[in-house]
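In my numbering, the protein residues as written are 55 to 219.
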C-alpha cells in the first residue's frame, strides 16, 4: 500500500476523517469508495461534496474508486456541491441507493477532511452496518480493484436531482 494511514485513527465515529495533509490524503477517498461499494454491494450510489477546493480532489478520487470496485460496475450519480438533506433526497430519488458526502473544515492552517457514508435509506454507515469492514479492508491492504474494463462503472453528473430537493 502506497502512503498507508492509521485506519483506526482515521476511520472512526461513523465517518472517515483526518487532518490534511498528515493523517489523510486524497488516495484514501479512492480506497474508501471501492471498499464501500463492495461492502454495500452497490450498483449505484450518489456522491456530493461541500464545494471546498480541498474537498473537490477527494471527491474526484472517491468517484473514481467507486466505479473501479471489483465487478460491481457501480454507477455514480455525481451531485456536485450539495448538503446532507440534498444528498439523502437524491439517494431516495435514485431508488434508495447508498451515498457519500465529503467535506473539509478549516481551523487556521489545519484542514480536516471528512467522508460520511450513508447506507441505502439515508442512515449514516456505522461500525455495525459496514464501517468496521471498510476499515478492516483498508488496514489489511485489501482494497478491491476492478476485474476488467467491462466491470467498470460510470460517473454521471446529476445536478438535476438537487433541483427538486
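Beta carbons: idealized from backbone N, C-alpha and C, even for Gly. Bear in mind that the values here come from a model prediction, so they are computed numbers and not experimental data.
Handout entry: For residue 168, the nearest candidate out of 155, 174, 88 and 176 (CA to CA)
Key = The residue from 155, 174, 88 and 176 with its alpha-carbon nearest to that of residue 168 is 155.
Handout entry: Euclidean distance between Cα positions of residue 92 and residue 160
Key = 31 Å
Practice task
Grab the span of the beta strand (DSSP E) containing residue 158 for me, first residue to last.
Solution key: 153 to 161
Practice task
Mind checking which residues open and close the beta strand (DSSP E) that includes residue 134?
Solution key: 129 to 135
Problem - Local conformation of residue 171 per DSSP, three classes - result: strand
Problem - CA nearest to the CA of residue 170, picked from 150, 70 and 81 - result: Nearest C-alpha to residue 170: 70.
Handout entry: Residue closest to residue 184, alpha-carbon to alpha-carbon, out of 193, 136 and 173
Key = 173
Handout entry: Coarse secondary structure for residue 25, derived from DSSP in three states
Key = Nothing about residue 25 can be reported from this structure: the residues present for the chain run from 55 to 219 only.
Handout entry: Distance between residue 122 and residue 137 (C-alpha atoms, nearest Å)
Key = Cα-Cα distance, rounded: 25 Å.
Exercise for the section: Kindly indicate the opening and closing residues of the alpha helix (DSSP H) around residue 71. Expected result: Counting along the chain, residue 71 falls outside any alpha helix (DSSP H), though it belongs to the beta strand (DSSP E) covering 69 to 74.
Problem - Beta-bridge partners of residue 210, as assigned by DSSP - result: Partner(s): 131.
Handout entry: Environment of residue 102 [buried if 16+ CB atoms lie within 10 Å]
Key = buried
Practice task
Mind checking who residue 66 pairs with in its DSSP beta bridge?
Solution key: 69
Practice task
May I ask you to report which of helix, strand or coil DSSP gives residue 198?
Solution key: coil
Practice task
Look at the Cβ atom of residue 153, then the Cβ atom of residue 99, and state whether they are nearer than 8 Å.
Solution key: yes
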